[in-house]
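No gaps in the numbering here: position 107 of the sequence shown is 113 in the numbering used here, and each next residue is one more. Don't be surprised by glycine CBs; every beta carbon is placed ideally from N, CA and C. Computed from a predicted model, the values in this text were never measured in an experiment.
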Amino acid sequence: MPDHFDYKLNVNVEKGVQLFGQIGKTFYEAKWIQPREPQIILIEMDNETAYHEASFYIQLNSHDHIIHTFGFVDNDLHLPILLQERAPFGNLSALLQQNRFKPSQQVLVEIFNQIVDAMIYIVAQNIVHGDLCCHNVLVFKMNSNKREENLVKLTNYHNARSIDQPIKNDDRITAPIRYCAVEILRSAGRSNYSELSDVYSMGVLMWEACSQVEIPYTNISNIEIRQRKLRGEKLQRRYQCDDH
């Protein structure tokens, strides 16, 4: 648990119903006790996840296209709970899969530019994200035709690591087979994470978004995907993408 708390449960914020879970964490609806902006969520973490992931949330907290984390929330159960802003439209993957968002090519380019802008900042902090995909892009504003009326932010540092301090022999780290670069597969997901491996994953994210979130390597097992990547096989360019 942290030594310092910025907020206290049931004093500053109120915990609502459970929204969904991910590895090592559970997301809950939340609201300010004294009404204010923005909308918020609470993330309840296990201790291992909290110490690893929360440090990146706090460190990467001052960029327009990275999710904003307010801080830790003190609570009577002494659980690691983070307070974050809430994306009103959820993640990009779900929006595209459910046909709730059908961005034009120009709007997709704007979204990609915002993600790249966030990644430039992350790299400047000597950090590798390690899990770039549409599911980890949160949507705050969306307009299918007006590029200036879109706002996305990057989230999820479960696989993040400092470039100069690689994590070794960590069972918590799981390489995202469909999105990761071949050098990650060669090291069994334990090393070789770098700026270039994130660049590769960014390319797969773009492929995914341009295909209206067809899952990369659909209906193929992780074992077969690994074999294909190690043989040098690449995703085919989507028909929606022109030469520019």
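The alpha carbon of Q111 has as its nearest neighbour, out of R153, H58, I47 and I39, the alpha carbon of R153. Going by beta carbons, A166 and F11 fall outside the 9 Å limit. With a beta-carbon spacing of about 7 Å, V79 and L48 fall inside the 8 Å limit used to define contacts. When rounded, the separation of the alpha-carbon atoms in E54 and R106 is 35 Å.
Between F95 and L101, the C-beta gap is smaller than 9 Å, which places the two residues in contact. For a cut-off of 8 Å, the C-beta gap from Q131 to L66 is around 6 Å, short enough to register as a contact. Rounded to the nearest whole angstrom, the CA to CA distance from Q120 to I72 is 9 Å. In terms of CA proximity to I133, S200 leads the group F146, S200 and Q103. Between the stretch 223 to 231 and the stretch 143 to 159 there are fewer than three C-beta pairs closer than 8 Å, too few to call the two in contact. Ranked by Cα distance from S217, the first of T75, K147, A181 and C140 is C140.
By the neighbour-count criterion, in which 16 or more other beta carbons inside 10 Å mark a residue as buried, E59 falls on the buried side. Shown here for I64: same chain residues with a beta carbon closer than 8 Å to its own, the five before and five after excluded, namely T75 and G77 in chain order. Here I128 is near H135, since their CB atoms are less than 9 Å apart.
In the displayed model, I117 falls within a helix according to three-state DSSP.
Burial check for K240: the Cβ neighbour count within 10 Å stays below 16, so the residue is exposed. DSSP places R167 in the strand class (E or B) of the three-state scheme.
The beta carbons of E50 and T32 sit about 5 Å from each other, so the pair counts as a contact at 8 Å.
Cβ-Cβ separation between A93 and K37: approximately 16 Å, too far for a contact (criterion under 8 Å).
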